[in-house]
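One structure below.
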Amino acid sequence: MMKLKLLLCAMLVLLSACSTRQIDSSAQETRDSIRTELEQAGLNSVQQPVVPSADIMNELMPATGISIPGLEADILPDPRFDISVANASADVFFMSLVSGTDINMIVHPSVSGTISLDLKKVTIKDVMELTREVYGYEYKKTGNGYIVLPARIQSRIFHVNYLNINRDGESSMTVSSGQIASSGSSDSDSGQDSSQSSTSQSSSIKTSSKANFWAELYSTITSIVGKADGRSVVVDRHAGLIIVRAMPGELRDVEEYLSSAQENLQRQVILEAKIIEVQLNDSFQSGVDWAALAESSGESLFLGQSNIIDGNASLYDVDGNIDKSAALSGLGAAGFANLFAIGGTADNFGALLRLLSNQGEVQVLSSPRVSTLNNQKAVIKVGSDEFFVTEVSSTTSAGATSTVTTPDITLTPFFSGIALDVTPQISQDGEVILHIHPSVSEVKDQTKNITLAGQTQQLPLALSTVRESDSVVKARSGQIIVIGGLMQNRTANDDGGVPVLSKVPILGNLFKQTSKQNTRSELVILLKPIVVNSERTWTNYIKQSQSRIDQLQQTQQSQSENK
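For the sequence shown, position 337 matches number 340 in the working numbering, and the numbering has no gaps at all.
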């Protein structure tokens, strides 16, 4: 019997070990698959040049024994000369310009007018450019010559790569101080009263953006070329084409504008955020002490905009000492919004989180990442919507024998969770101006008893706790933007007592105790913009994601080994 029990125990242990190996094997396969995809994405993000084999190159480019005299000599620049003419016929001027040279010239029969100029040390190309700029004579460069055309209206097709959509965005932040109600009699004979109510706002800010790209593009190009003398602009949104009929000089202006516009519109930024909550220690109940954070760090910490040292906004004064007033100068009633860098790089979230852990318990609420184009709003929302009663009214209908009162209840969704609204503007030198509107809300049930038409009703109303800020900041690519100062107090009741006796009415209070624990926490939002300058930026970002996966795997392996 004892042997049978031992055999059963051994089988259970083996089955458990097999199950654990299967789970570990499945997790390992998942991590390996993720790593493989990241490596492949990193390779595909940068196009590798295709180099043919040596045999193919020899077949395509056989050896030759032809020698070209003067091949080693430097390529001669275009010859320069002086030219001076007065009231010369345009067609004669252009033909004489290439007389005695190897350059070809064709002049359109409609070219007319006279040219006067006096130029020194110029090339033929310089002369053609100047006459086009001053007199409006158009030309086309051929292989070894020029074609001169008259200045007349021409049609040209431009390609514009942009989505055929219209986007409207809006964000608002309001501090309401309640409602003011007023009432007055509208009819003294009937005794009917009318009442009005208005919401009193102590502070509010509203930000809106509208992007109707194609309509604005049409308006801008029309302003450049006008509508006189047969000029016109046709926009095909679906095909991404713009057909412009205008003078050659105006067409060049349109081309330059579209080139600059598309360059600015196609700029892209990766926004990486950390929304963390710091449960403050007893020594830091007034909030995170950024000056003390700099003192405790072995690295340099630049913060605020009080003192400028070597072009950096710093917490240090000119003597190299910590200036705590520099940190306090960035504090305001709505929160704290400043730029700082750790070790001069400002790209290490982990180092900053480790420094914050010295002042309290750090909890990462969310780590959203999103990429967006220039001046395009990006919204990140993590949470849930729950419906609550926001309005109650009643309708009374009189019947033949009785009166029926029907309540009308209006439900409104309330969001509980984390929302981040960001709109970037990217400059040519890599600086980013950001409109940031983070919000962390928590909605709970609150039952209210309301008497309506003689009937008492219990309504589930919303009790909302919101921590949010709205600010516009400027940072370089890779810097970390800090928004802090969003404090919250929590009170937790801890009840304890003797079982059974503590539940006896009246006398039970003698056998139980209630303690309250107050905690203070600060919400800190860290946001890092990374401007995408090339495909190499995406490759580096993929490598960083792969590194985080490897670190997670190593942590899990060490934890399993310790077990």
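By construction, the Cβ of each residue, glycine as well, lies at the ideal position given by its N, Cα and C atoms.
- Item | For E445 and V435, the rounded distance between their alpha carbons | 31 Å
- Query: By the 10 Å Cβ neighbour count, where 16 or more other Cβ atoms means buried, how is V257 classified, buried or exposed?
  - Reply: buried
- Do F418 and A465 have their CB atoms nearer than 8 Å? no
- For the candidate residues L437, S467, P441 and T450, whose alpha-carbon lies nearest to that of V476? L437
- May I ask which residues mark the beginning and end of the beta strand (DSSP E) holding S505? Annotation for S505: no beta strand (DSSP E) segment contains it, and DSSP assigns it neither H nor E.
- Message: Is the separation between the beta-carbon of I528 and that of A276 shorter than 8 Å?
- Response: yes
- DSSP on L437, reduced to helix/strand/coil? strand
- Message: I'd like to confirm the pairing. Which residues does DSSP put opposite G420 in its beta bridges?
- Response: G386 and S444
- Could you have a look at R83 and say whether DSSP puts it in helix, strand or coil? Reduced to three states, the DSSP call for R83 is coil.
- Message: With a threshold of 7 Å on Cβ separation, who are the neighbours of V88 within its own chain once the five nearest residues in sequence on each side are excluded?
- Response: Excluding the 5 residues flanking it on each side, V88 has same chain C-beta neighbours closer than 7 Å at F96, I118, S119 and L120, in chain order.
- 6 Å CB neighbourhood of N215 in its chain, flanking five on each side removed: N169
- I439 and I383 closer than 8 Å at C-beta: no
- Would you mind reading off the limits of the beta strand (DSSP E) that contains F287? Where F287 is concerned, there is no enclosing beta strand (DSSP E), given that its DSSP letter is neither H nor E.
- Can you pull the DSSP bridge partners for Y149? M108 and K144
- Task: Could you tell me which residues DSSP puts in a beta bridge with R479?
- Result: E434
- For I421, which of V151, S472, Q461 and P427 has the nearest alpha-carbon? When the alpha-carbon of I421 is set against those of V151, S472, Q461 and P427, the nearest one is in S472.
- Assigned secondary structure, M250 (DSSP; H/G/I helix, E/B strand, else coil): It is coil, neither helix nor strand.
- Task: Report the option in M490, P532, I412 and P463 whose CA atom is closest to the CA atom of I483.
- Result: P532
- Under 7 Å from any heavy atom of the ligand NAP, does the C-beta of Y142 make it? For the structure depicted, the ligand NAP is absent and the ligand set is empty, with no information on it obtainable.
- Message: Going by DSSP in three states, L220 sits in which element: helix, strand or coil?
- Response: L220: helix per DSSP, three-state reduction.
- Can you tell me whether DSSP reads A214 as helix, strand or coil? Here A214 sits in strand by DSSP.
- Item | Pick from L283, T406 and L368 that is closest to L359, judged by C-alpha positions | Distances from the alpha-carbon of L359 to those of L283, T406 and L368 put L283 closest.
- Query: Among G139, N107 and K123, which one has its Cα closest to the Cα of G148?
  - Reply: Per the Cα distances, N107.
- Do three or more CB pairs link the stretch 135-149 to the stretch 389-403 at distances below 8 Å? no
- Mind checking which residues open and close the alpha helix (DSSP H) that includes T404? No alpha helix (DSSP H) contains T404, which DSSP labels as neither H nor E.
- Query: Candidates I208, S207, K213 and S262: which alpha carbon is nearest I224's?
  - Reply: S262
- Check the DSSP bridge columns for L500 and list the partner residues they point to. For the record, residue 500 in the displayed sequence is Gly; it is not Leu. Looking at the DSSP assignment, G500 forms a beta bridge with K515.
- Query: When you compare each of I246, V291, D105 and E389 to T415 by their alpha carbons, which one comes out closest?
  - Reply: E389
- Query: Roughly how many angstroms separate the alpha carbons of Q431 and R523, rounded to a whole number?
  - Reply: Cα-Cα distance, rounded: 43 Å.
- Task: Kindly indicate the opening and closing residues of the alpha helix (DSSP H) around D232.
- Result: Segment: none, D232 is in no alpha helix (DSSP H) and carries neither H nor E.
- For L274, does the count of other Cβ atoms within 10 angstroms reach 16, so buried, or fall short, so exposed? buried
- Which word fits I246, buried or exposed, when buried means at least 16 other C-beta atoms lie within 10 angstroms of its C-beta? It is exposed - the Cβ of I246 has fewer than 16 other Cβ atoms within 10 Å.
- For S3, which three-state DSSP category applies? Residue 3 is absent from the structure shown; the chain starts at 4 and stops at 566.
- Take I109 and list the residues in its own chain whose beta-carbon comes closer than 6 Å to its own, dropping the five residues that flank it on each side. I150
- Message: Using only the alpha-carbon positions, how far apart do T393 and N377 sit?
- Response: 39 Å
- Item | Residue span of the alpha helix (DSSP H) that contains V272, given as start and end | Counting along the chain, V272 falls outside any alpha helix (DSSP H), though it belongs to the beta strand (DSSP E) covering Q271 to L283.
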